[in-house]
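Presented below is the structure to which this report refers.
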Amino acid sequence: MWSIIFVLISSISTLTHAQSPSDDARHKLVALIGNVRQADGRRYSSRDHLGNTMDCVKIIKRTDSEEFIGVYHTYINGVPRVNLALSDDLLHWTWLRELAYFGSQPTIAVPSDQPQGYIVAWEQEPNNHLRFAYYPTWSDLQAGTSQKTYSVPRTLSRCAEGTPNIYGQPTLNNIDVGFHFYDNCIVDRQARATLKNFNLWTQFRKQPNFDNALLHYGVQGNIGDRDVLSNFNDFAFTVIEGQYKSKDFGTWRTFVFDPQTGNADQVSIITDGGSQAFANPTITLTTWKGQNILIVTLFIPSEQSAPGEADNFDQTMTCFEDLSNELLCEIFDYLDGYWLYQIFSNLNFRLEQLLHSSSELEIFMTIKIFPNLKSLCIVGSKDISFLHACRWEQSILNYFPQLEEFYLIYNDDDDEQNYPIYTERPNQFSSSFWIERQWLFEVEIKDISIKYTIRPYSKGWYYETNDNIIDCSTFINLTFECIPDSIFDEERSKEIERVLTITKIYYLKILEEDLSIPVLIQIINLLPNITTLKIHSLSTDKTTELTLKELLILCSMKQTSQIIKVYLEEIDDIHKELDFLFTLCPYMEYFKVGRTNTTDIQSFLRTIFKKINRNNNHHLRLLCFHISTVDDRIVENIEEMIKCDKLLPYFTVERILNDVYLQWKWLEHIDLFSCNIYLINKIK
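Read in order, the letters of the sequence shown are residues -18 to -1, 1 to 666 in mature numbering (1 follows the signal peptide of the UniProt record, and there is no 0).
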């Protein structure tokens, strides 16, 4: 089953105020769609440049460009992926990235209130349902970085809902959506609903007018509204797929539905070879190089297809993949990389494209085809292409479809800091591909070495709260193992700037003991997106006196700081260090303290609450502290002290091993707390 793309240019009249009734306009549209052979351009069995099938592709014009965007799905080892591609001629497509894993039937539209942005919708598995994502710019779409997402709860069927299309001119506040629902878990029928503000699914209802129009032709199988033309000669039309006989792919046909009259016409589609079955129609009316064009895509099932227009057209491309894994391993063991390249590069389109367009890294990835591999670890250096996330995505999708654990270590070492230039867009490892698999990107700086790592997610101290939602897109961690100089030198600054060309940093961990406060201020000033901070210990001696520049930076934190979680492993000078941290992190919500230099826990708690009130920190609501010799009696003493000093109106005290967790909520308009101290699992 493959998609066909065909383009009509010269046959389209200018969209002026037509006087014809909708019937005439509908008949004209049916004629245009039906004669594929008369199109100005057409392509059967459409694939992108990597050889991925472009199933159910939806094409729109890229904003402020003569290029075209296509979203489509590809099945790889039984798993559908939503892909994104770009074309400058509508017939040849360059794969850009995967947008969704276990996703299919995508569509794309430009919101009228955000004309530089893109809304993408698709059918998400498992538990087939609709999912939406908003990308503010073309660059965000290329990077797979969405600003808003929404998974739609099923409303009309307990079995499946999907195949979205977007009506009219959507806005971020109002998206008019057509979709199918699996009626009584027997047959697909058409429905319509509205997505409000990317958080409310409303006005969902069935559309029996579609059913009635197609039942007139004797359609007994699935029915689906697929795409819409909002203005064709002043009328709106919808292209529909209808299946005459359930479960028979050879009976799919395409119809044009007229909402003005409730009538539909079956489209008699004439291809070069004479295929008979057509499904999943999409249609786009736009301009290109000064001309009006109509873009139509259709899905041709294998059943009732003509030679060269469906799967038999591509038999030569599957010969290499048909070799057994055992035979491939024997070949790879016998031949070195050069001879593998010479022998196989002309036998397989996908392999050829990778070999001709990429580095030694991708040649390695291409020839190591082990589809059942569960865990993979790769270490590299001196080849910046190791950090090209899109290449890893495609290699993993094509050759390691069952991979569960992926470890990548790339060492960026250079004594003279003459690092190779990274030319890709930043934040490539924050796309949906990595987020859905919970494979995290981390960076470590040690002296003149920068180490980049991809690894599976593991729980950290910053998830010791009750929040079960883990946003892996903002999990990227930077670790400084040591900062040998008390003065933050130019080399460290350049290393951070180097890292920021590759990724944003949200988590900062500094292992250096007795860290200079001025150094910490300068580091955080270079990392504006930090939300979580872990430091071993601070130095508060006289060498920590701040310059005017550092004081100004510290004062500006009230407007710029995004740090909400802080872990100080050791605290010595409670007063100075707390004053500094509450100033550096004015929006701190969670504060964890490891070891203290005092055994007087009651005094320690009094000091903390005094600092909270003095700094007017109404954001802090979770405190964790460690007591090396904690027992039930100490906990009781803490409880009595809090009651006696009236620090908190309501509270309970519990402990886990040697850690105590204290959580509260600020009461509105009152300088008091409501408190709950709760039990959680010990985090190592």
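Quick reminder that beta carbons are idealized off the backbone N, C-alpha and C, glycines included.
Item to complete: Measure the alpha-carbon distance for R373 versus L358 and round it to whole angstroms.
Response: Working through the sequence shown from its first residue, we reach residue 373 at position 391. Working through the sequence shown from its first residue, we reach residue 358 at position 376. Taking the straight line joining both Cα atoms gives about 16 Å.
Fill in: Ordered list of alpha helix (DSSP H) runs contained in the stretch 23 to 55, each at least 4 residues
DSSP runs (the alpha helix (DSSP H)) wholly in the stretch 23 to 55: none.
Worksheet item: With a cut-off of 8 Å, do at least 3 Cβ pairs link the stretch 222 to 232 to the stretch 14 to 34?
Response: They do not touch, by the three-pair rule.
Discussion item. Distance check for E472 and I505, CA to CA, integer angstroms please.
Written reply: Residue 505 sits at position 523 when you count from the first residue of the sequence shown. Residue 472 sits at position 490 when you count from the first residue of the sequence shown. For the pair I505 and E472, the Cα-to-Cα distance works out to about 11 Å.
Item to complete: Note down the Cα distance separating C537 from T565, rounded to an integer number of angstroms.
Response: Counted from its first residue, the sequence shown places residue 537 at position 555. Counted from its first residue, the sequence shown places residue 565 at position 583. Those two C-alpha atoms are separated by around 8 Å.
Worksheet item: With which residues is R637 paired in a DSSP beta bridge?
Response: Within the sequence shown, numbered from 1, the residue matching residue 637 stands at position 655. Bridge pairing for R637: V642 [DSSP].
Item to complete: Put R603 into one of helix, strand or coil per three-state DSSP.
Response: As a working mapping, residue 603 is identified with position 621 in the sequence shown. Three-state DSSP puts R603 in coil, outside helix and strand.
Worksheet item: Is G60 buried or exposed, if buried means 16 or more other CB atoms sit within 10 Å of its CB?
Response: Numbered from 1 along the sequence shown, position 78 holds the residue referred to as residue 60. Here G60 is exposed. Its C-beta has fewer than 16 other C-beta atoms within 10 Å.
Worksheet item: Quick one: what's got a C-beta closer than 6 Å to M623's C-beta in the same chain, skipping five residues either side?
Response: Translated into positions along the sequence shown, residue 623 becomes position 641. The beta carbon of M623 is closer than 6 Å to those of Q584 in its chain, skipping five residues each way along the sequence.
Item to complete: Would you be able to state if there are at least three C-beta pairs under 8 Å between the stretch 208 to 227 and the stretch 177 to 185?
Response: Segments in contact, no.
Worksheet entry | Length of the line joining the Cα atoms of E386 and D523 | What you label residue 386 is simply residue 404 of the sequence shown in a count that begins at 1. What you label residue 523 is simply residue 541 of the sequence shown in a count that begins at 1. The straight-line gap from Cα to Cα measures roughly 49 Å.
Item to complete: Could you tell me which residues DSSP pairs with D523 in its beta bridges?
Response: On the sequence shown, residue 523 is found 541 positions in, with the first residue counted as 1. According to DSSP, D523 bridges with nothing at all.
Worksheet item: Relative to the C-alpha of E571, which residue among F562, L587, H601 and N597 is closest?
Response: In the sequence shown, counting from the first residue as 1, residue 571 sits at position 589. E571 has its Cα closest to that of H601, out of F562, L587, H601 and N597.
Worksheet item: Should T45 and V92 be called a contact, given that it needs their Cβ atoms to be closer than 8 Å?
Response: Here residue 45 corresponds to residue number 63 of the sequence shown, with the count starting at 1. Here residue 92 corresponds to residue number 110 of the sequence shown, with the count starting at 1. Yes, Cβ-Cβ distance for T45 and V92 is below 8 Å.
Discussion item. Can you check which of these residues, L14, L112, N409 and Q106, is closest to V238 by C-alpha distance?
Written reply: Looking up residue 238 in the sequence shown gives position 256. Checked all of L14, L112, N409 and Q106; the closest Cα to V238 is L14.
Worksheet item: For Y381, does the three-state DSSP call read helix, strand or coil?
Response: Sequence index remark: in the sequence shown, residue 381 carries index 399 (1-based). Here DSSP, grouped into helix, strand and coil, assigns Y381 to helix.
Worksheet item: Rounded to whole angstroms, how far is the Cβ of T89 from the Cβ of P146, which I believe are closer than 8 Å?
Response: Numbered from 1 along the sequence shown, position 107 holds the residue referred to as residue 89. Numbered from 1 along the sequence shown, position 164 holds the residue referred to as residue 146. Yes, they are in contact, since the Cβ atoms of T89 and P146 sit about 6 Å apart, within 8 Å.
Worksheet item: What number of angstroms, rounded off, separates the C-alpha of W646 from the C-alpha of I436?
Response: Indexing the sequence shown from 1 puts residue 646 at position 664. Indexing the sequence shown from 1 puts residue 436 at position 454. If you draw a straight line from the Cα of W646 to the Cα of I436, it is about 36 Å long.
Worksheet entry | Cβ shell of N663 (< 7 Å), same chain only, five flanking positions each side left out | On the sequence shown, position 681 is the one that residue 663 refers to. With a pLDDT of 34 at N663, under the threshold of 50, the predicted position of this residue should be treated as unreliable, though the coordinate-derived value follows. Excluding five sequence positions before and after N663, none of the CB atoms of its chain fall closer than 7 Å to its own CB.
Worksheet item: Of the residues V210, S228, L379 and E105, which one's Cα is nearest the Cα of G200?
Response: Taking the sequence shown and counting its residues from 1, one reaches residue 200 at position 218. Nearest to G200 by alpha-carbon distance, out of V210, S228, L379 and E105, is S228.
Worksheet entry | Pairwise C-alpha distance: D613 and N579 | Counting from 1 along the sequence shown, the entry for residue 579 is found at position 597. Counting from 1 along the sequence shown, the entry for residue 613 is found at position 631. When the Cα atoms are used, N579 and D613 turn out to be separated by approximately 19 Å.
Worksheet item: With burial defined as no fewer than 16 other Cβ atoms inside 10 Å of the residue's Cβ, what is the status of Q420: buried or exposed?
Response: Position 438 of the sequence shown holds residue 420. It counts as exposed.
Practice prompt. Kindly indicate which three-state DSSP category D165 falls into: helix, strand or coil?
Written response: Here residue 165 corresponds to residue number 183 of the sequence shown, with the count starting at 1. Three-state result, D165: strand.
Item to complete: Just tell me which of N354, D641 and P500 has its CA closest to the CA of I465.
Response: Position 483 of the sequence shown, counting from 1, holds the residue named residue 465. Nearest C-alpha to I465: P500.
Discussion item. Which residues does DSSP list as the beta-bridge partners of C359?
Written reply: By 1-based counting over the sequence shown, the position of residue 359 is 377. For C359, which the question treats as bridged, DSSP gives the partners Y389.
Item to complete: May I ask you to report which of helix, strand or coil DSSP gives L337?
Response: Working through the sequence shown from its first residue, we reach residue 337 at position 355. Legend: pLDDT at L337 = 40, less than 50; position of this residue unreliable, no value from coordinates given.
Worksheet item: What are the residues that DSSP puts in a beta bridge with L422?
Response: If you number the sequence shown from 1, residue 422 lands on position 440. The partner list for L422 (beta bridge, DSSP) reads R437.
Item to complete: Would you identify the three-state DSSP class for H557, choosing helix, strand or coil?
Response: Here residue 557 corresponds to residue number 575 of the sequence shown, with the count starting at 1. Three-state result, H557: helix.
Worksheet entry | Helix, strand or coil at P62 [DSSP, three-state] | Along the sequence shown, read from residue 1 onward, the residue named residue 62 stands at position 80. DSSP places P62 in strand when its eight states are reduced to three.
Practice prompt. Spell out the partners DSSP gives residue 680 in its beta bridges.
Written response: Outside the shown range of the chain (-18 to 666) lies residue 680, about which nothing can therefore be said.
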